[in-house]
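Undergrad: The structure follows.
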Amino acid sequence: MSITPAIRELSNRLNQELEQLEQILTEGLDLVRVPLSRFPENSILVQFFAYLSNVLFL
556 MSITPAIREL SNRLNQELEQ LEQILTEGLD LVRVPLSRFP ENSILVQFFA
606 YLSNVLFL
């Protein structure tokens with residue numbers, strides 16, 4: 556049984572969106588790293604970094 560063009564198109568679109576989300580999350584991690592390195596005891600930055608890391612690597 557072959558995959559229909561509609562399902563293939565949907566799969567391609569989902570892959571593109573996931574790649575875009577991964578890129579956005581990576582940029583977010585990069586933005587948080589700088590202040591986190593300056594203020595390693597800041598619990599909000601630590602939580603934000605942990606959240607982005609978890610979402611990225613799920």
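Add 555 to a position in the sequence shown, counting from 1, and you land on the number used in this note's numbering. Don't be surprised by glycine CBs; every beta carbon is placed ideally from N, CA and C.
1) Beta-carbon separation of L580 and L600 under 7 Å?
2) For the alpha helix (DSSP H) holding N570, just list the boundary residues, first then last.
3) Ends of the alpha helix (DSSP H) at S608?
4) Taking the straight line between their C-alpha atoms, what separation do you get for T559 and L607?
5) Taking just the CA atoms, how far does E574 sit from I562?
TA: In short, the structure shows the following:
1) no
2) Start and end: P560 to R593.
3) Per DSSP, S608 is one residue of the alpha helix (DSSP H) stretching across S598 to L611.
4) 35 Å
5) One alpha carbon belongs to I562, the other to E574, and they sit about 18 Å apart.
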